[in-house]
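Participant:
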Amino acid sequence: MSSSSAGAAAAGKPPGGGHGGHGDSDERHSHNPHLAHHFDDIETQNHASRLGMWLFLGTEVLLFAGLFLGYSVYRHLYHETFRFASHTLNLTLGTINTVVLISSSLTVALAHHAVTKGKNRLALGLLGFTILCALAFLVIKGFEYNHKFEEGALPGKWFHFEEMAGMPGANMFFTVYFLATGLHAFHVIVGMAILIWVAKRLARGDFSTDYNLPVELGGLYWHLVDLVWIFLFPLLYLI
Amino acid sequence: MSQSASSALAEVPYRAPVYQEINYLNADSGVMSWLKTLDHKRIGIMYLGSVLVAFLLGGIFAMIVRFELSTPEPTFIGANAYNRMFTLHGMVMIFLFMIPAIPGVFGNFVLPLMLGAKDVAFPRLNLLSLYVYWTGAAIVLFGVITGGADSGWTFYAPYSTTTPMTLFPVLLGVFILGFSSILTGLNFIVTIHTLRAPGITWMKMPLFVWALYATSIIQVLATPVIGLTTLLVGIEKVAGFGLFDPGRGGDPVLMQHMFWFYSHPAVYIMVLPAMGVISEAIATFARKNLFGYKMIAYSSLGIAFVGFFAWGHHMFVSGQSAFDGGAFAVVSMLVGVFTAIKVFNWVGTLYRGSIQVTTPFVYVCGFLFFVVFGGMTGIAVATVSLDVHWHDTYFVVAHFHFIMVGAVIMAFLAALHYWFPKMFGKTYHEGWGMVAASFIVLGFNATFIPQFLLGNAGMPRRYYMYPERFTALNVASTAGSTLLAFGFIIILIYLVYALVNGDVAGDNPWDSKGYEWMTSSPPIKENFEEIPNYEQEPHTYREPGEEVEHVVI
Amino acid sequence: MNEIMRTILWLPEQASTFARAVDQLHYFVITVTMLSSVGVGLLAFGFFFKYRQRRLRASTPEVVPSVRFEIAVISVPLLFFLAWFVQGYRDFVWYSTPPKDTMDVYVMGKKWMWKFAYPDGPNAVGTLHVPANRPVRLLMTSRDVIHSFFVPDFRIKMDVLPGRYTETWFEATKPGRYQVLCAEYCGTWHSQMWGEVVVMPPAEFDDWMTKQRAGALVDRVDTGGDDGSNFHGTLVEYGKRVAMGQGCLKCHSLDGSQHIGPTWLDLYHRTETLDTGEQIVADEGYLTDSMIDPRAKIVKGYQPVMPTYRGKLSAPQAAALVEFIKSLRSDNLDNVPSKEAIYEPVRQ
Amino acid sequence: MAENKKHIEEHGDGHEGGHGAGRYILIWAALLVFTITTVVTGRMDLGSANLPLAMVIATIKATLVVLFFMHMWEAEGILKLVFSVSLVFVAVLLLGVFGDILTRSTAALPSAANGTAIYMGADGTGHPSSPEH
């Protein structure tokens, strides 16, 4: 969806510009195929891409802020219910997922590190591991969702969660739960797509010690996914 | 090459303006060359076409609303059709026209020219933002045609989540349009940070660039929140689970908080670029340095920042606590101060200038009056006790139309006329320009001043039928809107004529010192044959080495 | 002076204690606003004549503001604005803090009428009777969407939200009839969601109240045996109530969405294909038959699961249901607005 | 960090200054430790301390990720500014809304005891849609 295209475009911009139709019109810059015609030097261009990516991450933070706001307000209003409801979630699966995401964050950081050291094969392996982690996260999440569906915790007209019948705001907790984890899972999918794209280019030999910005930016996006989860996990599963 | 760089004084012999034969318009040909272009100027032109179509649609909806209101009883459409019309008017005007209008069109076109850059930082992202805009617009229009939306542009829950109409496509469209806005803002921020030509320091940036910078910050930070809000309302409408259903313990006021967290700063997304346009035009037509450049620049940032703390003044009587109302009210007063600073500085710029009376300048004058009246009535409605009476009445409608139409559209028209030669290398007919400007300024006053009085008299907004006692003022307003519409039609005709058959403008018809005029008009595809020398500040009309009187007031 | 300004500004009557106070600030704010915008306009206009271009590319002096000027343009507007804020907020706090000894009235907003209930008195739809010179507190809630209770002559307005109570208060100063408007957009007939506040001299009001109570006891109608005779709304409204009471809406939606049974939206005069392949038009006859003998003619794609309502629905109820279904058109989303005041008997 | 700064200036994109893969693994280990801590303490009954404790741990974890995995530690000032500003506005959003929620009268909160009872259901069916009626 548009979020994915925006993310991919932001991450993919710098090399894209290099392949752009009129990048070759300027003789002076022909030495670096990754330099777009409207930038003077590659440092400025990389700086621009990084700045663009961080701005995009800023928008993501604000996007999730809305959900965190919803959580905070309803937690304040129905704190007993929220406390109770968080204990109905599967802590083991949640913890495993946290470990999976943190580890994938590590491997994606290491992958970028490896590329800068010229170890492209190692980097590819690490990226592959990251993507597998993302997949594992989604599968585990899928099991959790399925269990919650069966219990009748899907909010709205489907809500018939017996354990919490009669508790005011029970429905609100699961609304926040499904919306926040759903939006997060959507970001996991997008991040996975970006990482697959980066891995494909890495395998093709596009990146080197000199030029590896997409690996770095794809990694940044993935770290953000991790970051959101770091907050979602205690709020939803623990307290 | 820049012509005005060395030719300065009056004794330079007159040269007939020449048309830049090779330019960005004819560099490539064919529809696909436009659709696949990465050139910021062509993207700007495509935005211009798109927002004008949106403006036309929004205008038609507005006229339907106004004509329906010419009698207190049903006039020619039904209640539900009327409710759809004002919803469409609001949605189309705000999301499809106002927000992309000045940044998308003129920001895209002149920002790189003003910075001495060959393009914006991410040209592909720029094109993507246009495509996202088209997608979002198409979905909104699809939703409008198939399902209709009758919730008002504010789509307050729980009305929006329970209306029988299929609101979802419209909400989805708004969500997608948000991405277009974010991409534009992100692109501009990065461009301003990284692509300023050598010599253009922060304190030498043209004020339009400062305004766009402040605007972009708001676009990037506020838009995600409205995106999420539309998503939540949409999901609640379709699937029944969202955060705002009172039947399940949800809080509709929370929805209003989230909505206005974006939508109040969004007002500044619309107004700040307009203020930037005025700063540029007023310096050019007064042939004078801007009085208080730094104050104008910083007040743009100030508005962008403080604008984020003021959203609750839309909710004084919504069930929000009185404490929060007071907190938001006092911050709202600060926004007024920043605007006041700008107004004083614009008027100060005219002092001892050499004023060239042109169509864009007439719009600038209109802007000055409207922004003061619109802005101060804004302060008036932010005065909590007064807002109790005015909230959701025509007073508020009139107030924000003074800002939206009176300020933003005046600035849009000023920009359109001011940069028309820059964009197309042609000039329009000044005489017709003046005629149309008179229609618009008069028609505008005739439309919206009665609405202030209607609000005082207590007519709530979004009213299909109204008590008899409001008839006279409504008829006056409808009559005024006809004049206004007539003015826009004249503009459309003479600008289209100018496009086809206008006189050659030359590179710098206004003799402006603005940086964007330091290249040919229309510019070549690469913007500059050679990056100009930016030694002089953008709004300085003193020639290098020339001694002028220095006045401090 | 007050009267002149009020007339120029088209303000309605000042019929509450709050109205007078608010209007004073209103005059001040609007006068300053008009003076300053006209002032700026005239100044710009004056400069425009005085300094118009006399020579092409004339050179102009460089005029810059002094620090003193900058401080002045910041502080003068700020002082005005803050003064307005202080006065405005004081009035607002007054307005949002009802005094101790108020007379309470419960207000229920629903599409598209106002319903008023006195704690120990009658219920009324559309008209609120209050005494003059006595503070009245309104405890308001909504049954459906957000409404807003607005009395221009009192200068009061407060949103009415579903699921909670909001409050407002006023002290009317002169007897008379004042219009109540809904100010928060609430759907098709938002513009007709009107009511009336009747302000009576205190003594007269007490009389009225006593009479209402006495009369109510005599005419008291119990809610059992709901055959429509004690329902004071339109037939359509009655039909809606029946539909809710009989549980029809558990299977039939009103908004066009799919459910166990066909939606009622636009059902009337819709051409339906039966499971036998036969086409019928859903007219009054078919609708009534379907309530009494639901399984005789099943629309294609639906299961024959509806129980019969033979004996459960009286004739007026069935007729009201049909009327209700007829009113559900996507181009006319609900029944007509209620304009007249309708009194409901006391419920105790 | 001084050398790192210098390194960046020389190479622009050289974020890999004086440290190696070891640092990442160290951070990862710290993150795991914090995760275990928060899981263990999260389900203990610490009264009102649970929420602040969990938030403090989450903030520390997030800070580690941002500073080291995302290289914020050695990033240009503008990137730091961009990210901090976005956090500031998250705070603004929470502040404005909680300024309302915390000071509203109880009857005006959606959790008012009779809230759901008086609400007839948004669809007008008269059946409160919540299971908790």
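Chains as they are written, first to last, in my numbering: chain G, 2 to 240; chain E, 28 to 580; chain F, 24 to 371; chain X, 728 to 860.
Heads up, the beta-carbon is just placed ideally off N, CA and C, and yes, glycines get one too.
Where does residue 169 of chain G fall in DSSP's three states?
Facilitator: Here residue 169 of chain G sits in coil by DSSP.
Participant: Please state whether DSSP places residue 240 of chain G in a helix, a strand or coil.
Facilitator: Correct three-state label for residue 240 of chain G: coil.
Participant: Check the Cβ of residue 836 of chain X against every Cβ in chain F and list those closer than 9 Å, keeping chain order.
Facilitator: Residues of chain F passing the Cβ test: 187.
Participant: With respect to the alpha helix (DSSP H) encompassing residue 282 of chain E, which residues constitute its N-terminal and C-terminal limits?
Facilitator: Per DSSP, residue 282 of chain E belongs to the alpha helix (DSSP H) from 279-313.
Participant: Look at residue 452 of chain E and residue 510 of chain E and say whether their C-beta atoms are less than 8 Å apart.
Facilitator: Their beta carbons are not under 8 Å apart, which means residue 452 of chain E does not touch residue 510 of chain E by this criterion.
Participant: Since residue 318 of chain E and residue 52 of chain F should fall inside the 8 Å C-beta cutoff, what is the C-beta to C-beta distance between them, to a whole number of angstroms?
Facilitator: At roughly 28 Å, the Cβ-Cβ gap does not stay under 8 Å, so residue 318 of chain E and residue 52 of chain F are not in contact.
Participant: Could you tell me which whole alpha helix (DSSP H) segments of length 4 or greater appear in the region 85-172 of chain G?
Facilitator: Runs of the alpha helix (DSSP H) inside the region 85-172 of chain G: 92-117, 121-152.
Participant: In the DSSP assignment, what residue or residues form a beta bridge with residue 516 of chain E?
Facilitator: In DSSP, residue 516 of chain E forms no bridge with anything.
Participant: Output needed for residue 153 of chain F: all residues of its chain with C-beta closer than 8 Å, excluding positions within five of it in sequence on either side, in chain order.
Facilitator: So the list reads 126, 128, 159, 195, 220, 221, 222, 223, 228, once near-sequence residues are dropped.
Participant: What does residue 221 of chain E touch in chain G if you count any residue whose Cβ is under 9 Å from its own?
Facilitator: Near residue 221 of chain E (Cβ distances below 9 Å), the residues of chain G are 40, 45, 46, 48, 49, 52.
Participant: Can we say the region 58-65 of chain G touches the region 230-244 of chain E, given the rule of at least three CB pairs closer than 8 Å?
Facilitator: With a cut-off of 8 Å, the region 230-244 of chain E and the region 58-65 of chain G do not count as touching, because too few Cβ pairs lie within range.
Participant: Which same chain residues end up closer than 8 Å to residue 498 of chain E when comparing Cβ atoms and leaving out the 5 residues on each side of it in sequence?
Facilitator: Around residue 498 of chain E: 98, 99.
Participant: Among the candidates E:467, E:345, E:486, whose CA atom is the shortest distance from the CA of residue 516 of chain E?
Facilitator: Looking at the Cα atoms, E:467 is the closest of the given residues.
Participant: Let me make sure I understand the geometry here. Which of G:192, G:240, G:210 has the alpha-carbon closest to that of residue 221 of chain G?
Facilitator: That would be G:192, whose Cα lies nearest to the Cα of residue 221 of chain G.
Participant: Kindly list, in the order they appear in chain C, the residues whose Cβ is closer than 8 Å to that of residue 104 of chain G.
Facilitator: Absent from the structure is chain C; the protein chains it does hold are G, E, F and X.
Participant: Which of the three DSSP states, helix, strand or coil, is assigned to residue 266 of chain E?
Facilitator: Three-state result, residue 266 of chain E: helix.
Participant: Between which two residues does the beta strand (DSSP E) carrying residue 129 of chain F extend?
Facilitator: 126-133 is the span of the beta strand (DSSP E), which, as asked, contains residue 129 of chain F.
Participant: From residue 561 of chain E to residue 572 of chain E, what distance separates their C-alpha atoms?
Facilitator: Straight-line Cα distance between these residues: approximately 15 Å.
Participant: Are there 16 or more other CB atoms within 10 angstroms of the CB of residue 304 of chain F, so buried, or fewer, so exposed?
Facilitator: It counts as exposed.
Participant: Among the residues of its own chain, which have a CB less than 7 Å from the CB of residue 5 of chain G, if the five just before and after it don't count?
Facilitator: Residue confidence is low: residue 5 of chain G scores 39 on pLDDT, short of 50, so the model does not pin down where it sits. Its coordinate-derived value is still stated next. 191, 194.
Participant: Cβ closer than 8 Å: which chain E residues qualify as neighbours of residue 70 of chain F?
Facilitator: The contacting residues are 374, 377, 378, 380, 382.
Participant: Between residue 50 of chain E and residue 446 of chain E, what straight-line distance do the alpha-carbon atoms span, to the nearest angstrom?
Facilitator: Between residue 50 of chain E and residue 446 of chain E, the C-alpha separation is close to 16 Å.
Participant: Please return the same chain residues whose Cβ sits closer than 7 Å to the Cβ of residue 432 of chain E, not counting the five positions on each side in sequence.
Facilitator: For residue 432 of chain E, where only same-chain residues beyond five positions count, the Cβ hits under 7 Å are 471.
Participant: Where does residue 202 of chain F sit, in a helix, a strand or coil, going by DSSP?
Facilitator: Of the three classes helix, strand and coil, the one that applies to residue 202 of chain F here is strand, per DSSP.
Participant: Considering just the uninterrupted stretch of the alpha helix (DSSP H) at residue 114 of chain F, what are its terminal residues?
Facilitator: Element bounds for residue 114 of chain F: 90-119.
Participant: Could you tell me which whole alpha helix (DSSP H) segments of length 4 or greater appear in the region 389-445 of chain E?
Facilitator: For the region 389-445 of chain E, whole alpha helix (DSSP H) runs of length 4 or above, ordered along the chain, are 411-417, 421-428.
Participant: Considering only the alpha carbon of each residue, which of E:518, E:288, E:62, E:186 lies closest to residue 439 of chain E?
Facilitator: Checked all of E:518, E:288, E:62, E:186; the closest Cα to residue 439 of chain E is E:518.
Participant: Please list the partners that residue 114 of chain F has in chain E, where partner means a Cβ-to-Cβ separation under 7 Å.
Facilitator: Here the neighbours are 412.
Participant: If you reduce the DSSP assignment to three classes, tell me which class residue 577 of chain E lands in.
Facilitator: Three-state DSSP puts residue 577 of chain E in a strand.
Participant: What residues of chain F sit near residue 345 of chain E, judged by a beta carbon separation below 7 Å?
Facilitator: By Cβ distance, chain F contributes 182.
Participant: Judging by CA-CA distance, which residue of E:557, E:545, E:346 is the nearest neighbour of residue 830 of chain X?
Facilitator: It is E:346 whose Cα lies nearest to the Cα of residue 830 of chain X.
Participant: From what residue to what residue does the beta strand (DSSP E) around residue 172 of chain F run?
Facilitator: Looking at the DSSP string, the run of the beta strand (DSSP E) that includes residue 172 of chain F is 170-174.
Participant: Please list, in chain order, the residues of the region 338-368 of chain E that have any C-beta partner in chain G closer than 7 Å.
Facilitator: If the cut-off is 7 Å between Cβ atoms, the region 338-368 of chain E has nothing near chain G.
Participant: Which residues bound the beta strand (DSSP E) around residue 48 of chain G?
Facilitator: Residue 48 of chain G -> not in any beta strand (DSSP E); alpha helix (DSSP H) instead, spanning 43-78.
Participant: Compute the Euclidean distance between the alpha carbons of residue 428 of chain E and residue 79 of chain E, then round it to the nearest angstrom.
Facilitator: Cα to Cα, residue 428 of chain E sits roughly 18 Å from residue 79 of chain E.
Participant: For chain E, is any of its Cβ atoms less than 8 Å away from the one on residue 787 of chain X?
Facilitator: No, its Cβ sits nowhere closer than 8 Å to a Cβ of chain E.
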